[in-house]
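For reference, the structure is listed below as structure tokens.
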Amino acid sequence: MKRKTRKRILIVSLIIILGFSIIVFSKNTKRGKIKPLTMEQKLEDFEYLYDFIADNSPFLKVNERVNG
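In the numbering used here, the protein residues as written are 22 to 89.
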């Protein structure tokens, strides 16, 4: 008896979690589509990433010292 009730509880729990997940994810996709980036936005993002890596990566400076 205990095995059957545990199995039923597990199945019901999984169905509830699955149903909740489907509802949440379906609502998130209906909000609106993301517009593609313009060339200026792409360049701005690239420059930000490049500056971030250049400022925060200690190995780039080591490479400059070793290889000139």
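Each residue gets a CB set at the ideal place from its N, CA and C atoms; glycine is no exception.
(message) What would DSSP say about I37, mapped onto helix, strand or coil?
(response) Translated into positions along the sequence shown, residue 37 becomes position 16. When secondary structure is reduced to three states using DSSP, I37 falls in the helix class.
(message) Under DSSP, the alpha helix (DSSP H) around P79 begins and ends at which residues?
(response) Start at 1 with the first residue of the sequence shown, and residue 79 comes out as number 58. P79 -> alpha helix (DSSP H) spans P79 to N88.
(request) Just the C-alpha distance for I30 and I44, rounded to the nearest angstrom, thanks. (result) Here residue 30 corresponds to residue number 9 of the sequence shown, with the count starting at 1. Here residue 44 corresponds to residue number 23 of the sequence shown, with the count starting at 1. Their Cα atoms are separated by approximately 21 Å.
(request) Look at the Cβ atom of L81, then the Cβ atom of I74, and state whether they are nearer than 9 Å. (result) Counting from 1 along the sequence shown, the entry for residue 81 is found at position 60. Counting from 1 along the sequence shown, the entry for residue 74 is found at position 53. Yes; because the gap between Cβ atoms is below 9 Å, this pair is in contact.
(request) Tell me whether I55 sits in a helix, a strand or coil according to DSSP, three-state version. (result) Numbered from 1 along the sequence shown, position 34 holds the residue referred to as residue 55. The answer is coil: DSSP assigns I55 none of H, G, I, E or B.
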